[in-house]
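No gaps in the numbering here: position 241 of the sequence shown is 272 in my numbering, and each next residue is one more.
The beta carbon of each residue, even a glycine, is placed where N, CA and C say it ideally should be.
On a predicted model such as this, the values are computed, not experimentally measured, just so you know.
Notes to accompany the following structure.
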Amino acid sequence: MSLMEDRYAGMSKSHKAIARFIREHYDQAVFMTAARMGEQLGISESTVVRFASGLGFKGYPEFQEELANWVKNKLNSIQRIGAKYGGSSKQEVIEAVLQADMEKIHDTMANLDTDAFDAAVTMILEAKTVYIVGIRSCQPLAEFLAFYLNMVRDNVKVLNTTSTSEIFEQMIRVGNEDAVIGISFPRYSMRTLKAMEFANDRNAGVISITDNVHSPMCLYSSCNLFARSDMVSIVDSLVAPLSLINALIVAICLRQPDEIRTNLETLEKTWNNYQVYLNDEIDFIKDTPILDYSLKREE
């Protein structure tokens with residue numbers, strides 16, 4: 032896996048397809064012959080053999096053997112995690128999971144492309160309409176992002192759908208003045224990928240929020256934001272992606288603080304007039320300066 036990742040950028044189109052397939056479907060690839068994998072991907076058997084040789088193996092059988100060892104170790108790791116949590120106290124489980132989430136956030140901070148981040152902020156602010164798509168476990172992330180973007184600007188739409196055809200119906204007016212944000216982590220959503228492909232074909236600005244450079248979400252996006260995400264037991268850990276989205280919202284607010292203040296003050300008056308919240312709710316607009324972040328003070 033490390034060899035494939037290190038050499039991915041210099042691979043041919045066919046070899047990249049093989050690497051992606053193995054990374055995403057290693058549990059199937061480990062049992063495939065070179066001929067079977069070639070048939071699965073629509074390429075020749077000799078191309079698969081050359082892929083293995085290009086990674087430094089004597090041939091495909093040696094590569095397949097090493098892949099089998101890696102899969103075996105991975106399964107053993109999953110079993111060890113289960114055994115560890117199975118005999119752990121509540122406090123130990125809490126500490127282990129929270130520590131793992133902290134590590135994911137640190138890893139995201141260390142590897143975030145700040146140029147891509149700034150480009151995403153600009154794209155969102157300048158777009159005529161912003162479309163956000165996140166399916167299954169990523170749907171709460173999409174709705175969270177849309178909730179706060181609606182306070183910042185108008186024309187923000189979350190694509191709520193159960194089929195690819197419904198996505199296209201909601202995106203029928205997407206054009207080159209719009210931005211589409213696709214959020215997906217393993218296992219990747221084909222519906223999200225198709226939405227991004229459609230937006231790319233319509234020359235819209237496309238932003239992906241995903242886990243790494245090998246994600247299929249990067250195929251159709253011009254701006255890629257990576258946040259580390261792993262599965263904890265049956266739960267997708269989306270702490271780092273949520274932190275990245277928080278940072279994105281704050282950066283957008285800092286670009287136009289006066290407009291944001293006006294929008295929030297209007298909202299506060301509306302809430303008070305229509306008694307949306309109880310009187311004992313915290314009035315954050317009056318009690319605390321909005322956007323009083325250290326970053327803003329430095330600027």
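Burial of F82 is indicated by the presence of at least 16 other C-beta atoms within 10 angstroms of its C-beta. In the same chain as N191, and ignoring 5 residues on each side of it, no C-beta atom comes closer than 6 Å to its own.
Bounds of the alpha helix (DSSP H) holding L285 are 270–286. Excluding residues up to 5 positions away in sequence, V164, V211, G213, V237, S239, M248, L250, Y251, S252 lie with their Cβ nearer than 8 Å to the Cβ of M227 in the same chain. It is roughly 20 Å from the alpha-carbon of S168 to the alpha-carbon of N255.
When secondary structure is reduced to three states using DSSP, A50 falls in the helix class. Put simply, of F94, A278, N303, T293 the residue whose alpha carbon is nearest the alpha carbon of M140 is A278. Take V205, set aside five residues on each side of it, and the residues of its chain with a beta-carbon closer than 6 Å to its own are A230, R233, A235, in chain order. Residue state for V205 is assigned as coil, using DSSP reduced to three classes.
The continuous beta strand (DSSP E) containing A210 extends over residues 210–214. For S33, the enclosing alpha helix (DSSP H) has its first and last residue at 33–38. The residues L98, A99, V102, in chain order, have a CB closer than 6 Å to that of V61 in the same chain once the five nearest residues on each side in sequence are set aside. Looking from the CA of A151, the closest CA among L295, S246, I280 belongs to I280. Exposure of P171 is indicated by the presence of fewer than 16 other C-beta atoms within 10 angstroms of its C-beta. Between K44 and the set K135, P272, L72, A258, the nearest pair of CA atoms involves L72. DSSP places S239 inside the beta strand (DSSP E), whose first and last residues are 236–241.
Taken atom to atom, the span from the alpha-carbon of T293 to that of T241 is near 33 Å. With contacts defined as CB atoms closer than 8 Å, V189 and E200 fail to qualify as a contacting pair. Exclusion of the five residues before and after A282 leaves V152 as the residues of its chain whose Cβ lies within less than 6 Å of its Cβ. The beta carbon of T160 lies closer than 6 Å to those of N186, D209 in the same chain, with the five residues before and after it left out. The Cβ atoms of L86 and M35 lie closer than 8 Å to each other.
Spatial neighbours of I136 in its own chain (CB-CB distance under 6 Å, excluding positions within 5 residues in sequence) are listed in chain order as A271, S274.
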